[in-house]
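A.B. asks:
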Ligand code: HSE
């Protein structure tokens, strides 16, 4: 039996659409072992698929198929701290757990790079899967099936405020509202800021995050799918966030907060949430970076 622990992730960080992502210290675990049938449960009572449609199982089976091994069944016990369909990488966490767990059960036939590439292939884009596996701040690019991912640990000067609503938003729906093509000027706007984002993390220039996380490729189209998002973004800014973005495809809104301002930020933002009808559906959670990524415990 193996136990895999995988962090939550926040993809895009505004400008880095389908490219940048961070890992956050909020973890799912999966205990996995080969079994004579499919036996899947959640030890924390979360409602999860318990058939062969289960994402951890499907991802594990992909490893067995890739390695030419037969899989009769699997026993999986999940814990699910990462809220589902909230833009915090719950699907990627399941995929990473399935691939890493199966690889461990088979005696590690796949290298870390092969694990990453299979996880990205199963997910469809790299910006959640890569930080879920590697931890930290990760920039990734796909070249066909090859995934180039570069990780930088995040400084302890930063923490994160996640405004998590009580309603889900499926990534499929959030991608469906994006236009087929964008203006050249909008593409240039994002290239400049995504490059600045990578530089800001490398140089710990967190004062640049507000500019670096601006985006014209996806957030303007997605904000209207998230009831109360405009008020939450304004609240986060006025409470002293260094920068604010939609987490992944949404609906969570993520604020980068300097640790020295964190107590004041969380206190002010929490008060504003409680006072507003539009924002009452959002729960504010304080999260730190996960630097380690997915691990077999
Ligand atoms: N980059 C992806 C998106 C992340 O924004 O659609 C969600 O999986």
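In the working numbering, the protein residues as written are 32 to 328.
For glycine and all other residues, C-beta sits at the position ideal for the given N, C-alpha and C.
Note that the structure is a prediction, hence the values are computed from the model and not measured.
For my contact list, residue 136 and residue 65 are in at a C-beta cut-off of 8 Å; report their separation, rounded to the angstrom.
C.D. replies: Going by Cβ atoms, the distance from residue 136 to residue 65 rounds to 6 Å, so yes, they are a contact pair.
A.B. asks: Using 8 Å as the cut-off, classify the Cβ of residue 280 as near or not near the heavy atoms of ligand 1, replying yes or no.
C.D. replies: The answer is yes for residue 280.
A.B. asks: Across which residues does DSSP place residue 189 in a beta bridge pair?
C.D. replies: Answer is 289, bridged to residue 189.
A.B. asks: Count the other C-beta atoms from every protein chain shown that fall within 10 angstroms of the C-beta of residue 277, then say buried if there are 16 or more, exposed otherwise.
C.D. replies: So residue 277 counts as buried.
A.B. asks: Report the rounded CA-to-CA distance for residue 33 versus residue 132, giving the unit in angstroms.
C.D. replies: Using only the alpha carbons, I get a separation of about 6 Å.
A.B. asks: Nearest to residue 223 by alpha carbon, out of 46, 36 and 41?
C.D. replies: Of 46, 36 and 41, the residue nearest in Cα terms is 46.
A.B. asks: So the alpha helix (DSSP H) residue 311 belongs to, where does it begin and stop?
C.D. replies: No alpha helix (DSSP H) holds residue 311; DSSP gives it neither H nor E.
A.B. asks: Let's see if you can read the secondary structure: which residues bound the beta strand (DSSP E) around residue 174?
C.D. replies: Run containing residue 174: 168-174, per the beta strand (DSSP E) assignment.
A.B. asks: Given 8 Å as the limit, tell me if residue 43 has its C-beta closer than that to any heavy atom belonging to ligand 1.
C.D. replies: Residue 43: yes, Cβ under 8 Å from ligand 1.
A.B. asks: Whole angstroms is fine: what's the gap from residue 199's alpha carbon to residue 101's?
C.D. replies: Straight-line Cα distance between these residues: approximately 36 Å.
A.B. asks: Go to residue 125, then tell me how far its beta strand (DSSP E) extends in each direction, as first and last residue.
C.D. replies: Note, residue 125: premise wrong, no beta strand (DSSP E); alpha helix (DSSP H) at 121-136.
A.B. asks: Give me the residue from 141, 94, 274 and 126 with the minimum Cα distance to residue 157.
C.D. replies: Of 141, 94, 274 and 126, the residue nearest in Cα terms is 126.
A.B. asks: Which one or two residues does DSSP pair with residue 111 in a beta bridge?
C.D. replies: Residue 111 is bridged to 59.
A.B. asks: Is the separation between the beta-carbon of residue 35 and that of residue 325 shorter than 9 Å?
C.D. replies: Yes, Cβ-Cβ distance for residue 35 and residue 325 is below 9 Å.
A.B. asks: Could you name the residues of the same chain whose beta carbon sits closer than 7 Å to that of residue 300, not counting the 5 residues immediately before and after it, in chain order?
C.D. replies: Cβ neighbours of residue 300 beyond the five flanking positions: 192, 266, 267, 270 and 315.
A.B. asks: What I want to know is whether the C-beta of residue 202 ends up closer than 8 Å to one or more non-hydrogen atoms of ligand 1.
C.D. replies: The answer is yes for residue 202.
A.B. asks: To the nearest angstrom, report how far apart residue 44 and residue 142 are at their CA atoms.
C.D. replies: Between residue 44 and residue 142, the C-alpha separation is close to 28 Å.
A.B. asks: Considering just the uninterrupted stretch of the beta strand (DSSP E) at residue 40, what are its terminal residues?
C.D. replies: Here the beta strand (DSSP E) through residue 40 covers 33-42.
A.B. asks: When the distance is taken between beta carbons, is residue 186 closer than 9 Å to residue 323?
C.D. replies: Result no, Cβ atoms of residue 323 and residue 186 do not sit closer than 9 Å.
A.B. asks: List, from N- to C-terminal side, the alpha helix (DSSP H) runs of 4 residues or more that fit wholly inside the region 199-243.
C.D. replies: DSSP runs (the alpha helix (DSSP H)) wholly in the region 199-243: 202-207, 215-234 and 240-243.
A.B. asks: What is the rounded straight-line gap between the Cα of residue 41 and the Cα of residue 155?
C.D. replies: Whole-angstrom Cα-Cα distance: 16 Å.
A.B. asks: Please return the same chain residues whose Cβ sits closer than 6 Å to the Cβ of residue 77, not counting the five positions on each side in sequence.
C.D. replies: Excluding positions up to five away in sequence, the list reads 111.
A.B. asks: From the DSSP output, in three-state form, read off residue 72 for me.
C.D. replies: In this structure, residue 72 counts as strand in the three-state DSSP scheme.
A.B. asks: Residue range of the beta strand (DSSP E) that residue 87 falls in?
C.D. replies: It is not in any beta strand (DSSP E) - residue 87 instead sits in the alpha helix (DSSP H) that spans 86-97.
A.B. asks: Who are residue 64's beta bridge partners in DSSP?
C.D. replies: Bridge partners of residue 64: 106.
A.B. asks: Using a Cβ-based criterion (distance less than 8 Å to any ligand heavy atom), does residue 48 qualify as near ligand 1?
C.D. replies: Answer for residue 48: yes, Cβ within range of ligand 1.
A.B. asks: Can you have a look at residue 51 and say buried or exposed, based on whether 16 or more other CB atoms are within 10 angstroms of its CB?
C.D. replies: Buried.
A.B. asks: Give a single yes or no on whether residue 158 has its beta carbon closer than 8 Å to a heavy atom of ligand 1.
C.D. replies: Because some heavy atom of ligand 1 lies under 8 Å away, the Cβ of residue 158 counts as near it: yes.
A.B. asks: Cα-Cα, which of 217, 147 and 37 is closest to residue 93?
C.D. replies: Answer by Cα proximity: 147.
A.B. asks: Which same chain residues, not among the five before or five after residue 114, have their C-beta less than 7 Å away from its C-beta?
C.D. replies: The answer, listed in chain order, is 121 and 195.
A.B. asks: Can residue 56 and residue 319 be called in contact, C-beta distance under 9 Å?
C.D. replies: Yes, the Cβ-Cβ distance between residue 56 and residue 319 is below 9 Å.
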